[in-house]
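Residue numbers (the working numbering), protein chains in the order written: chain L, 61 to 326; chain R, 61 to 326; chain F, 61 to 326. For each residue, glycine too, the CB sits at the ideal point set by N, CA and C. So the structure is just underneath, and the comments pick up after that.
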């Protein structure tokens with residue numbers, strides 16, 4: 061084994077484990093067969109890494125994260141981050157379960173995935189992205205570069221969220237949706253004032269197969285119907301009916317989405 | 061002490077200092093009691109870290125930065141970055157004072173704070189954010205995930221800047237403001253042409269208690285009055301009077317902000 | 061030399077090489093004279109680093125990247141990233157040539173430059189930015205903080221792309237352009253549906269000296285003429301004639317760009 065590798069005596073390493081120089085592997089870690097680990101990597105206590113996974117340089121996999129087989133983690137990623145609490149804090153970060161990544165997931169450079177979230181199989185998360193705690197992500201989801209997915213959000217299988225989009229907390233995006241670059245979602249019409257706002261705090265719901273264009277803004281509480289299409293640059297202030305194309309500021313219905321673009325016709 | 065820790069003989073370490081494997085602590089560093097430092101951390105010359113602080117994995121704290129007591133720095137952060145000059149550069153980065161963080165500040169993962177800026181107490185800076193040189197930040201300010209705050213900007217106490225907002229150079233945001241996700245501010249109507257532009261270079265001023273909605277664009281030189289409210293997706297091309305709600309492209313006054321949402325009624 | 065430095069016996073180090081503690085230098089690396097390398101740095105196989113370059117802490121320079129003389133790479137950057145493929149993948153990342161940076165380039169913290177791209181001399185790339193594979197970047201180009209430049213894009217000399225802009229794949233931005241903060245470009249009117257879309261996939265072309273304002277959205281296939289000016293917050297749905305100023309949603313021609321702002325009059 062390379063020099064500069066510190067492995068806790070309770071860690072279990074699979075066959076053909078090939079770490080590069082300088083790595084720290086903590087208590088109770090379990091690493092499958094044929095795993096490669098780059099330089100300056102820290103695998104924290106209780107982590108499980110599936111067979112055939114590749115961990116890039118400068119990665120920290122945080123306590124109790126579980127990675128499936130064949131996962132690829134790029135450099136500078138932080139997998140399963142837990143809020144680091146100050147000595148005087150009364151919060152209990154320990155209540156979050158470890159992050160779960162399904163088989164064949166790929167995570168980009170400089171990306172942070174928080175503890176308490178669960179990803180299905182074969183998801184791709186781009187560079188510089190962030191997915192916060194308690195999100196439920198389906199299979200084959202794409203979360204693009206620099207995307208933020210806030211806490212407690214659900215994203216259905218095969219949905220694609222493109223670069224720089226901002227997905228606020230407590231929203232639902234169903235399966236087979238397409239969220240274009242730099243889309244903005246919001247969940248608080250009161251912008252931080254009044255106690256009453258907590259009653260009304262509500263993100264949008266984007267139903268199966270809907271597509272939302274580049275830089276669109278979606279206001280709190282909006283429903284975007286199945287297979288709807290929101291044109292680039294629109295501001296969505298009212299619900300969008302299923303199968304309709306809307307555009308403008310504020311967005312208005314213009315026509316039906318063409319038949320040949322519906323999911324069943326692909 | 062763990063293996064792989066290099067401590068310069070002039071560094072002063074407090075009681076119960078607990079570094080993880082692989083750390084570099086340079087000349088003249090002073091670390092208070094009960095500080096924890098993660099793996100692959102570099103504390104540069106002249107840094108002071110207050111008691112009870114927690115420094116995550118893969119952090120660099122740059123020369124002469126001063127952290128108050130109980131600060132929490134997440135992984136991959138760069139605290140007090142100085143412009144790294146090439147061998148042939150004639151610029152003088154050394155003129156910037158070290159970054160100052162007040163007691164109880166928290167800084168997110170992959171975040172860069174530049175030298176010459178000063179933060180008050182109990183500020184929270186999210187992941188992937190950046191605050192450039194010579195900014196003055198009050199107490200209890202929140203700078204969200206992926207926010208950019210350019211140089212020479214002032215932000216008042218308790219103001220919250222949400223994810224992905226872009227805060228341009230030389231602007232003032234007073235206390236108790238709310239800047240929603242993905243807001244864009246600009247400071248140059250000439251977009252880089254003519255010498256005359258330097259006379260007119262001017263960001264916006266956002267007065268006490270104003271709230272600016274998601275994805276709003278604010279043009280150079282605009283004043284947003286006290287307690288004003290700018291609705292999501294607006295483009296602000298004229299000054300906004302105090303206490304008024306504006307919306308649209310370009311933004312126009314629609315009504316007064318409701319009494320129950322004013323600061324004095326919280 | 062400092063402790064914790066692993067240098068492969070085939071690596072060639074220039075005079076006055078000054079690495080900080082903890083570095084990994086792989087097979088066949090060639091480092092010029094007067095190069096400084098920070099802590100926790102990994103220089104991968106076949107890399108060439110020109111004389112007088114400065115490499116910050118926590119940097120990985122990936123296989124076969126070539127850096128000119130006097131380059132400055134900030135902390136946490138990943139230079140020349142190659143897609144890390146899983147054990148079962150059939151893709152061939154090896155076909156990409158190593159990244160090339162011309163003399164005097166500067167790359168920000170937490171920035172990812174992908175293999176297969178070529179930068180001219182004296183380019184500046186900000187923090188948290190990303191430039192993907194097979195881009196061709198001229199001399200003196202500025203790519204701002206948090207900018208994304210997708211694959212196969214060409215950017216002309218002296219063009220400036222400001223913070224947070226999103227530059228989609230397969231587009232051309234000619235020389236001396238100014239792209240303001242948070243501009244959004246798109247290249248797919250079909251948003252991921254139908255096979256026919258692949259025939260129509262087309263980004264915009266931004267011609268010499270054009271300026272595009274903050275937060276502007278540019279639709280697929282648009283041509284922005286030489287020296288044109290697009291005002292902040294516009295949505296560009298039709299071609300913009302040379303030398304014209306457009307604004308609005310959708311953007312319409314308002315007047316000529318003033319003579320004193322044209323390139324030839326600077």
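CB-CB length for residue i against residue j, believed under 8 Å
i	j	result
residue 314 of chain F	residue 294 of chain F	With a Cβ gap of about 10 Å, residue 314 of chain F and residue 294 of chain F do not count as contacting.
residue 213 of chain R	residue 231 of chain R	5 Å
residue 191 of chain F	residue 209 of chain F	4 Å
residue 237 of chain L	residue 270 of chain L	5 Å
residue 241 of chain L	residue 244 of chain F	6 Å
residue 124 of chain L	residue 158 of chain L	3 Å
residue 117 of chain R	residue 170 of chain L	Actually they are not in contact, since the Cβ atoms of residue 117 of chain R and residue 170 of chain L sit about 14 Å apart, beyond 8 Å.
residue 140 of chain R	residue 121 of chain R	6 Å
residue 200 of chain R	residue 221 of chain R	Going by Cβ atoms, the distance from residue 200 of chain R to residue 221 of chain R rounds to 12 Å, so no, they are not a contact pair.
Proximal residues of chain F, C-beta to C-beta of residue i below 9 Å
i	result
residue 211 of chain R	The premise fails here: residue 211 of chain R is roughly 11 Å from chain F at the closest Cβ pair, so nothing lies under 9 Å.
residue 138 of chain R	116, 117, 118, 134, 135, 136, 169, 170, 187
residue 320 of chain L	253, 254, 256
Residues that residue i contacts on chain F, provided the C-beta gap is smaller than 8 Å
i	result
residue 78 of chain L	Correct list: empty, because the minimum Cβ distance to chain F is about 12 Å.
Under 7 Å from the C-beta of residue i: neighbouring residues of chain R
i	result
residue 118 of chain L	118
residue 279 of chain L	292
residue 81 of chain F	66, 84
residue 220 of chain F	252
Range of the contiguous beta strand (DSSP E) that encloses residue i
i	result
residue 243 of chain L	Here residue 243 of chain L belongs to no beta strand (DSSP E), and DSSP marks it neither H nor E.
residue 173 of chain L	172-174
residue 323 of chain F	Note, residue 323 of chain F: premise wrong, no beta strand (DSSP E); not H, not E.
residue 21 of chain L	For chain L, the structure presents residues 61 to 326; residue 21 of chain L sits outside this window and is missing.
residue 306 of chain L	304-307
residue 157 of chain F	It is not in any beta strand (DSSP E) - residue 157 of chain F carries neither H nor E in the DSSP assignment.
residue 262 of chain L	Per DSSP, residue 262 of chain L belongs to no beta strand (DSSP E) and is neither H nor E.
residue 140 of chain R	138-141
residue 66 of chain L	65-67
residue 83 of chain L	83-85
residue 103 of chain R	101-103
Distance, residue j Cα to residue i Cα
i	j	result
residue 129 of chain F	residue 107 of chain L	42 Å
residue 304 of chain F	residue 317 of chain F	5 Å
residue 207 of chain L	residue 76 of chain F	42 Å
residue 84 of chain F	residue 66 of chain F	5 Å
residue 296 of chain F	residue 283 of chain F	10 Å
residue 151 of chain R	residue 114 of chain F	Residue placement at residue 151 of chain R cannot be trusted, given a pLDDT of 48 that sits under 50; the coordinates are not used to answer.
residue 146 of chain F	residue 119 of chain L	Caution is warranted here: a pLDDT of 48 is assigned to residue 146 of chain F, below 50, making its placement in the model unreliable, and the coordinate value is therefore given only provisionally. Going from the Cα of residue 146 of chain F to the Cα of residue 119 of chain L covers about 17 Å.
residue 254 of chain F	residue 183 of chain L	22 Å
residue 272 of chain F	residue 197 of chain F	19 Å
residue 72 of chain R	residue 105 of chain R	12 Å
residue 211 of chain R	residue 247 of chain R	12 Å
residue 289 of chain R	residue 309 of chain R	15 Å
residue 148 of chain F	residue 324 of chain F	Low confidence applies to residue 148 of chain F: its pLDDT is 48, below 50, so where it sits in the model is not reliable, and the reading given next is rough at best. Approximately 55 Å, taken between the alpha carbons.
residue 202 of chain R	residue 267 of chain F	40 Å
residue 264 of chain L	residue 235 of chain R	30 Å
residue 109 of chain F	residue 63 of chain F	22 Å
residue 70 of chain R	residue 79 of chain L	34 Å
residue 185 of chain F	residue 176 of chain L	35 Å
residue 223 of chain L	residue 92 of chain R	42 Å
residue 306 of chain L	residue 99 of chain R	51 Å
Partners in chain F for residue i, counting only beta-carbon separations shorter than 7 Å
i	result
residue 226 of chain R	223, 224, 241, 242
residue 208 of chain R	205, 206, 223, 224
residue 190 of chain R	187, 188, 205
Within chain L, partners of residue i - CB distance below 9 Å
i	result
residue 262 of chain F	Neighbours of residue 262 of chain F on chain L: none; closest Cβ ~14 Å, over 9 Å.
residue 107 of chain F	Going along chain L, no residue has its Cβ under 9 Å from residue 107 of chain F, so there is no contact; the nearest lies around 13 Å.
Chain-ordered chain R contacts of residue i [CB-CB under 8 Å]
i	result
residue 184 of chain L	Chain R residues near residue 184 of chain L: none, gap ~19 Å exceeds 8 Å.
residue 63 of chain F	66
Where residue i meets chain L, residues with beta-carbon distance less than 7 Å
i	result
residue 99 of chain R	84, 102
residue 141 of chain F	169
Proximity test, residue i beta-carbon vs the ligand ATP heavy atom, cut-off 6 Å
i	result
residue 120 of chain R	Questions concerning the ligand ATP fall outside what the structure shown contains, since it holds no ligand whatsoever.
Chain L contact residues for residue i, given Cβ-Cβ distances below 8 Å
i	result
residue 273 of chain R	246, 251
residue 238 of chain R	251, 252, 253
Identify each residue in the region 302-318 of chain R for which the Cβ-Cβ distance to at least one residue of chain F is less than 7 Å, and report them in chain order.
309
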